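What follows is a single structure, written as structure tokens, with notes after it.
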Amino acid sequence: MHQEFMLPYYTADCDQARGLMNTAMGPLQRQLRAGEYEIFQYAPIFESDFIQISKRGEVVDVHNRVRVVTVGVACTSPALLVPNVLLLARPVVPSEESRGRRGPPAKALELTRLLPLRFVKISVHDGEMLQLRLKLASGRSFYLQLCPQGDAHYELFDMWVQIINLLRPPAEESHGGQALPGDPGAFGEPLLQGISQDTTGVRHHQLLLSRQGVSG
Numbered sequence: 029m030h031q032e033f034m035l036p037y038y039t040a041d042c043d044q045a046r047g048l049m050n051t052a053m054g055p056l057q058r059q060l061r062a063g064e065y066e067i068f069q070y071a072p073i074f075e076s077d078f079i080q081i082s083k084r085g086e087v088v089d090v091h092n093r094v095r096v097v098t099v100g101v102a103c104t105s106p107a108l109l110v111p112n113v114l115l116l117a118r119p120v121v122p123s124e125e126s127r128g129r130r131g132p133p134a135k136a137l138e139l140t141r142l143l144p145l146r147f148v149k150i151s152v153h154d155g156e157m158l159q160l161r162l163k164l165a166s167g168r169s170f171y172l173q174l175c176p177q178g179d180a181h182y183e184l185f186d187m188w189v190q191i192i193n194l195l196r197p198p199a200e201e202s203h204g205g206q207a208l209p210g211d212p213g214a215f216g217e218p219l220l221q222g223i224s225q226d227t228t229g230v231r232h233h234q235l236l237l238s239r240q241g242v243s244g
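Its first residue numbered 29, the sequence shown is counted upward by one per residue in the numbering used here.
Structure, rendered in structure tokens:
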């Protein structure tokens, strides 16, 4: 594959993590590499698109629209053996006014939340249906189903299973179920509803990550 479409080479000692993170660059990684958030400019990111579902597997829609969520895990330091940050993004729907403008294309994705993975437990909800469960430190759970990816559908889900197996113990075991500092009620219902259009929350967590030393 052409070099420009690959992530910066991940140099962690864990062979399994290195192989998973050295994958083709996705849309979110390409956008973040432009430098809006310095901590992620060269961070390897493994990402996929998911559809938000209920616990029963029913599609969660808002205003008659299927809720698509780009989920990524990133390593903010090459010294880390496993990913340490969860990123959530959603497609940007261009306004009628912006569609008529000339110039560089608008951003395709809006980064809405980033969370240290020690405050999140990712698990398989239904392997046959390619569904994951995200459980936050606050106790809330959300369910996601992998979007169709052609012939690589099951292979991609298997990579998510491998990442899940690499991650640290869930937050509720090591932090007594406490909510993420500075982010009470991180998500409304559904997962991305109620998140403001600005990036204040993302920048707040970027600062939090830097203070906690997860950026290396």
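We put the CB at the ideal spot given by N, CA and C, even for glycine.
In this text the structure is predicted, and so the values were computed from the model without any measurement.
If you check the CB distance, C103 and P55 do not come in under 8 Å. Rounded to whole angstroms, A62 and Q69 show a C-alpha spacing of 7 Å. Under the Cβ criterion (8 Å, minimum of three pairs), the stretch 108-115 does not count as touching the stretch 80-88. In terms of Cβ geometry, L162 and H181 do not form a close pair [threshold 8 Å]. Counting every other CB atom within 10 Å of its CB across the protein chains shown gives P144 a total of 16 or more, marking it as buried. For I73, the enclosing beta strand (DSSP E) covers residues I73 to I81. In this structure, I191 lies near F74, with their beta-carbon atoms less than 8 Å apart. Assignment of Q59 by DSSP, reduced to helix, strand and coil, places it in the helix class.
In this model, G100 and V90 are separated by some 22 Å (Cα to Cα). Around the beta carbon of A165, 16 or more other beta carbons lie within 10 angstroms, which makes this residue buried. Each of P176, Q80, S105 and V97 was checked against the Cα of P119, and the nearest Cα belongs to V97.
DSSP lists L162 as the beta-bridge partner residues of F170.
F147 and E183 have their alpha carbons spaced roughly 27 Å apart.
For D186, there is no enclosing beta strand (DSSP E); the enclosing alpha helix (DSSP H) covers residues H181 to L194.
Look at R118 here: in three-state DSSP terms it is strand. With a 10 Å radius around the Cβ and a threshold of 16 neighbouring Cβ atoms, A117 comes out buried.
Here A136 has P55, Q59, P119 and V120 as same chain residues with Cβ atoms under 8 Å from its own Cβ, once five neighbours each way along the sequence are excluded. Within the model, the alpha-carbon separation for L115 versus E156 is close to 25 Å.
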